[in-house]
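Using the working numbering, read the sequence shown as starting at 452 and increasing by one per residue. Each residue gets a CB set at the ideal place from its N, CA and C atoms; glycine is no exception. So the structure is just underneath, and the comments pick up after that.
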Amino acid sequence: MADEPTPDPAAVAECRAAEGAGTATARGPTGLSPRAAGASDRSGGPPGAIAVPPGSIGVPIRLAEPTALRLIHPGDHVDVFRLSSTGESPQAIATAALVLEVTGAEDPTSGGLLLALTPADARRAVTTPGGGYAVLIRPDG
């Protein structure tokens, strides 16, 4: 399928390395490192942002329906699904992922989520082809 995005080899390599080392850095499907995507050590980060927990990887994603960004807040937990560009069923990527930061809620065309994912979930997020992400907001926080 020629028009499906191909995973960034550097991002895949970083996720695999982080999975073995248990570090909290990797590049997400946008190709940005967490720092470039707005993450920091949160000592001087944006108000409301949350630090990447130990053993997790900060992964920035863009939602297929970006207006949903207005409903999500740092500290929420979401189930993440990769949507198919061919009409197949969505593929589960992560369960109860912690939302670290929401960017661009006022302009959904430029916004996204920074999520704390396990190394395995992060690898799935950057290597699963598809047409964008969808999330379910978990009521249990």
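Counted within 10 angstroms of its Cβ, other Cβ atoms place residue i as buried (16 or more) or exposed
{"i": "PRO505", "result": "exposed"}
{"i": "LEU514", "result": "buried"}
Length of the line joining the Cα atoms of residue i and residue j
{"i": "PRO570", "j": "GLU516", "result": "25 Å"}
{"i": "ALA502", "j": "LEU551", "result": "7 Å"}
{"i": "TYR584", "j": "ILE508", "result": "17 Å"}
{"i": "GLY538", "j": "GLY582", "result": "9 Å"}
{"i": "PRO541", "j": "ASP530", "result": "12 Å"}
{"i": "SER484", "j": "ALA576", "result": "A caution first: SER484 carries a pLDDT of 38, below 50, which makes its placement in the model unreliable, though a value can still be read off. Rounded to the nearest angstrom, the two C-alpha atoms are 14 Å apart."}
Run of the beta strand (DSSP E) containing residue i, from where it starts to where it stops
{"i": "ASP572", "result": "Not the beta strand (DSSP E): ASP572 falls in the alpha helix (DSSP H), residues 570 to 578."}
{"i": "GLU539", "result": "Segment: none, GLU539 is in no beta strand (DSSP E) and carries neither H nor E."}
{"i": "ALA585", "result": "584 to 588"}
{"i": "ASP530", "result": "528 to 533"}
8 Å contact criterion, which residue i and residue j should meet: CB distance rounded
{"i": "ILE523", "j": "LEU566", "result": "About 10 Å separates the two Cβ atoms, so there is no contact after all."}
Reference residue i; option with closest CA among the options
{"i": "VAL586", "options": "VAL510, ALA547, GLY499", "result": "ALA547"}
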